[in-house]
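Participant: Below are the structure tokens for one structure; questions will follow.
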Amino acid sequence: MPFTAKSSSEAIEYEFKISRKAFKRAYGKLYKDHLIDFDDKGTYLKK
């Protein structure tokens with residue numbers, strides 16, 4: 014997925030229909046639970 018915590022609020026709201034704050038909250042939870050990983054290109058599910 015080409016989105017990270019640094020993605021623009023407009024892109025996040027357009028794609029997911031949620032606020033950037035809600036996206037970052039969910040993103041942080043998934044990262045803390047070791048379910049996702051990210052790099053400069055985007056976010057990936059861990060296997």
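With the numbering used here, letter number 22 in the sequence shown gets 35, and the count goes up by one each step, no holes. Note that CB positions come from ideal geometry on N, CA and C, so glycine has one too.
Where does F51 fall in DSSP's three states?
Facilitator: In the structure shown, F51 sits in a strand (DSSP, three-state: E or B).
Participant: Compute the Euclidean distance between the alpha carbons of L48 and L58, then round it to the nearest angstrom.
Facilitator: Near 6 Å, if we compare the C-alpha coordinates of L58 and L48.
Participant: Count the other CB atoms within 10 Å of the CB of F29; is the residue buried (16 or more) or exposed (fewer)?
Facilitator: Exposed is the call here.
Participant: Along the chain, where does the alpha helix (DSSP H) containing K45 start, and where does it finish?
Facilitator: Run containing K45: 33–45, per the alpha helix (DSSP H) assignment.
Participant: Less than 7 Å between the beta carbons of R33 and S22, yes or no?
Facilitator: Result yes, Cβ atoms of R33 and S22 sit closer than 7 Å.
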